[in-house]
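Asks:
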Amino acid sequence: MNRVNFGKRSGIVLDACAQHGTWFDADELRRVVEFVRDGGLDRARAHDRMQLEEDRRLLAAKQQIASWGAPQPAQPKDASPEATGPFAEILLRLFGTF
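Structure, rendered in structure tokens:
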């Protein structure tokens, strides 16, 4: 026997068995009927749809980020002394190309 929150959001915990069905404790059937009449199932379904859409957006964002690949270090386009100035020229003479 498993305990299941009816409609995922009702707060009404029912006892459910795959072989023997659902069991209601005292007053649970009335509470389930009230939950359904008050639109609780519709609200739960709407919440599930919104959650599913949010999960899809999050997955799409993660896939987009993953498609960008690892960030690459910045590289100067031209490391010649003329392009980088006198300070870079000194560094190039001391350490070679960087």
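FYI, my numbering numbers position 69 of the sequence shown as 63, with every residue one higher than the one before it. Heads up, the beta-carbon is just placed ideally off N, CA and C, and yes, glycines get one too. Treat the numbers as computed from the prediction; the structure is a model and nothing was measured.
Within 8 Å, do at least three Cβ pairs link the stretch 30 to 41 to the stretch -5 to 6?
Replies: By the Cβ criterion, the stretch -5 to 6 is in contact with the stretch 30 to 41, since at least three pairs of Cβ atoms, one from each stretch, lie closer than 8 Å.
Asks: Taking the straight line between their C-alpha atoms, what separation do you get for D49 and D36?
Replies: Residue numbering aside, residue 49 sits at position 55 when the sequence shown is read from its first letter. Residue numbering aside, residue 36 sits at position 42 when the sequence shown is read from its first letter. Rounded to the nearest angstrom, the two C-alpha atoms are 20 Å apart.
Asks: Can you name, in chain order, every residue of its own chain whose Cβ lies under 6 Å from the Cβ of F18, other than the five neighbours on each side?
Replies: For this step, residue 18 is matched to residue 24 along the sequence shown. If we look at F18 and ignore the five residues flanking it on each side, it has no Cβ neighbours.
Asks: Should V7 go down as buried or exposed, given a rule of 16 or more other Cβ atoms within 10 Å for buried?
Replies: Sequence index remark: in the sequence shown, residue 7 carries index 13 (1-based). It counts as exposed.
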